[in-house]
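When you number the sequence shown by my numbering, it's gap-free, plus one each residue, and the end is 410.
Take a look at the structure below.
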Amino acid sequence: MIKYSLKSCFMPYPSNQHFPLAFTAACVAMTSVTYGMGRYAYGLFLPSIGAQLDLTTFDLALIASLNAILYLVATIVASATAIHFRPRTFILLSGVTTTAGLLLAGMATSVAVATVGIVLAGIGAGILSPAMFEAIEAWLPVQWKPRAIGAVNAGAAPGIVLTGLAAYWLQSSWQQAWIVMAGIGLVVTLWHFWLIPTARLPRPASGVALPLGFSLFTRRACMPLYVSVFVYGLLLSTYLTFAVDLVLSTGGMAFPMDRLFWVLLGLAGLPAMLTGAAVLRLGVRGLLAISMPACGLSYALLALAPGNQLVVITSAILFGAASIAPGNGFLVWGISLFRERPSIGSGTVFVVLSIAIIIGPILFGIIATQIGSQGFFLVMAVLSVAIVPLFPRAIFSTGHAGDQALLDNPTADF
-3 MIKYSLKSCF MPYPSNQHFP LAFTAACVAM TSVTYGMGRY AYGLFLPSIG
47 AQLDLTTFDL ALIASLNAIL YLVATIVASA TAIHFRPRTF ILLSGVTTTA
97 GLLLAGMATS VAVATVGIVL AGIGAGILSP AMFEAIEAWL PVQWKPRAIG
147 AVNAGAAPGI VLTGLAAYWL QSSWQQAWIV MAGIGLVVTL WHFWLIPTAR
197 LPRPASGVAL PLGFSLFTRR ACMPLYVSVF VYGLLLSTYL TFAVDLVLST
247 GGMAFPMDRL FWVLLGLAGL PAMLTGAAVL RLGVRGLLAI SMPACGLSYA
297 LLALAPGNQL VVITSAILFG AASIAPGNGF LVWGISLFRE RPSIGSGTVF
347 VVLSIAIIIG PILFGIIATQ IGSQGFFLVM AVLSVAIVPL FPRAIFSTGH
397 AGDQALLDNP TADF
């Protein structure tokens, strides 16, 4: 009989049989910190931040735009350089950056310092993702890769739940909540410091097989991915930015209960951490063909009955459960197109997604003035179904060998 101590179950070596589970759990925790807290906390606490710092709507929008732009820049830089560094370096850097930003904003006594902290907290997410997906591809067995990608993709959900509850309970003390989140970030960063191997990623004998170049990103096979991810970004940004406003304006929910709308979204998204198994069994096309129209249905519900509380709750649960799953499919799809540079594949998905998230509110502002908020939501519902023919066939994992192994034995017990 083989005996295992607690330490042996979480030894920081990829060769250890327990490493995949420990590493996946740690990655989910770091995603919760960098995305669920560092990236999204600003939007959830926006009313409190504006009131305490005496900021105008324009000031708040400016900080949000700066946050999004620098996150995009961080993602691009990290995607291009992640392969040249140990994953440990960028993952720890993301944790330190997010933690420092949360703490700085939480202790700020001026608008300038608070802004720096808010933006710094958001940058950590951009630093994290490329290195993390390089590590997943290099260190985890083929059966674990889609599962880990699914769990990490939904990893922001626990952070959103905690942030939403903090926004509800500490409506007048947002800085206290940010200091608490900084403490959580420190604990998670120390966990990664102990867990993550110091080894460099293995490289092909011939060097990097996919050197960066314009033609790499303009291949015909990449175009359906870009269009699909862009639509997904529009769906995310529009719902997360304007759904609560639509509900409040039509009497479907009142302050401060609107804060619990985010908690509901986060709780509904927790099961999405298991969608890696859906990719193994349904493939990318099957997962996206179910989850994207489901997002569209949540849009249609709000568009048709935003003043009905039962419909609002149903829409929130449906969107929370369905909106995370497409990200898993797009990441597997993207990495499969850049198999020898996983950080480029995941980074490309995040860049296109970020551009769509930046553009989404602008399009809403332009189009909604012509057809109304509910009309725009209906358009998005139709768009979520219109892109289904673009989804790829026969992609069940991120690598050639993995695809075949999973197709040969799709019900393997992992």
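Glycine included, every Cβ here is placed at the ideal spot set by N, Cα and C.
All values derive from a computational prediction rather than experimental measurement.
{"Item": "Residue from Leu284, Tyr38, Leu191, Ala318 with nearest C-alpha to Ala264", "Value": "Ala318"}
{"Item": "Local conformation of Ala108 per DSSP, three classes", "Value": "helix"}
{"Item": "Ala96 versus Leu298, Leu212, Gly181, Leu58, residue with shortest Cα-Cα distance", "Value": "Gly181"}
{"Item": "Three-state secondary structure (DSSP) of His14", "Value": "coil"}
{"Item": "Which listed residue (Ala21, Ala47, Ala301, Ala121) has its alpha carbon closest to that of Leu242", "Value": "Ala301"}
{"Item": "Where the alpha helix (DSSP H) through Pro322 begins and ends", "Value": "321 to 333"}
{"Item": "Ala390 in three-state terms, based on DSSP", "Value": "coil"}
{"Item": "Whole-number beta carbon distance between Leu327 and Ser311, since they are thought to touch under 8 Å", "Value": "Actually they are not in contact, since the Cβ atoms of Ser311 and Leu327 sit about 25 Å apart, beyond 8 Å."}
{"Item": "Separation of Gln172 from Trp165, as counted between CA atoms", "Value": "11 Å"}
{"Item": "Classification of Ser169 by the beta-carbon crowding that lies within 10 angstroms, buried from 16 upward", "Value": "exposed"}
{"Item": "C-alpha distance - Gly146 paired with Val225, whole-angstrom precision", "Value": "16 Å"}
{"Item": "Local conformation of Asp404 per DSSP, three classes", "Value": "At Asp404 the pLDDT is 38, less than 50, meaning the model places this residue with poor confidence and gives no usable figure here."}
{"Item": "C-alpha gap between Gly155 and Ala21, whole angstroms", "Value": "14 Å"}
{"Item": "Pair within 9 Å by beta-carbon distance, Phe334 and Ser125", "Value": "no"}
{"Item": "Cβ separation of Ala352 and Ala268, assumed to be a contact under 8 Å, to the nearest whole Å", "Value": "With 8 Å as the limit, Ala352 and Ala268 do not qualify as a contact, their Cβ atoms being about 19 Å apart."}
{"Item": "Exposed unless 16 or more other CB atoms sit within 10 angstroms - verdict on Leu232", "Value": "buried"}
{"Item": "At least 3 beta-carbon pairs within less than 8 Å: the segment 113 to 125 vs the segment 67 to 84", "Value": "yes"}
{"Item": "When Gly323, Ser61, Ala131 are compared against Arg82, the one with the closest alpha-carbon", "Value": "Ala131"}
{"Item": "Integer Cβ distance of Phe315 from Leu191, believed to fall under 8 Å", "Value": "That pair is no contact at about 33 Å."}
{"Item": "Runs of alpha helix (DSSP H) lying entirely within the segment 215 to 290, each at least 4 residues, in chain order", "Value": "219 to 245, 253 to 265"}
{"Item": "Alpha helix (DSSP H) runs contained entirely in the segment 69 to 143, provided each spans 4 or more residues", "Value": "83 to 103, 107 to 135"}
{"Item": "Residue from Leu349, Val227, Ile331, Met33 with nearest C-alpha to Leu161", "Value": "Met33"}
{"Item": "Spatial neighbours of Ala178 in its chain, beta-carbon cut-off 7 Å, leaving aside the 5 residues before and after", "Value": "Thr95, Leu98, Leu99, Gly102"}
{"Item": "Spatially closest choice to Gly292 from Gly46, Thr214, Leu230, Tyr38, by CA coordinates", "Value": "Leu230"}
{"Item": "Backbone CA spacing between Ile340 and Gly303 [nearest angstrom]", "Value": "43 Å"}
{"Item": "Neighbourhood of Ala285 by C-beta distance below 7 Å, restricted to the same chain and skipping five residues each side", "Value": "Val384, Phe387"}
{"Item": "Own chain residues within Cβ distance below 7 Å of Ser342, not counting five before or after", "Value": "Ser125, Pro126, Phe129, Leu327, Gly330, Ile331"}
{"Item": "Cα-Cα separation between Ala417 and Ile358, rounded to whole angstroms", "Value": "Here the chain covers residues -3 to 410 and nothing more, so residue 417 does not appear."}
{"Item": "Sub-9 Å separation of Tyr67 and Ser350 beta-carbons", "Value": "yes"}
{"Item": "Contacting residues, own chain, Cβ-Cβ under 6 Å from Cys23 (five flanking each side not counted)", "Value": "Met128, Val148"}
{"Item": "Cα-Cα separation, Arg389 to Ile355", "Value": "29 Å"}
{"Item": "Classification of Arg84 by the beta-carbon crowding that lies within 10 angstroms, buried from 16 upward", "Value": "buried"}
{"Item": "Local conformation of Val147 per DSSP, three classes", "Value": "Correcting the residue identity first, residue 147 is Ala in this sequence and not Val. Here Ala147 sits in helix by DSSP."}
{"Item": "Boundaries of the alpha helix (DSSP H) in which Met376 is found, first to last residue", "Value": "338 to 382"}
{"Item": "Ile114 versus Ile65, Gly282, Thr365, Ala25, residue with shortest Cα-Cα distance", "Value": "Ile65"}
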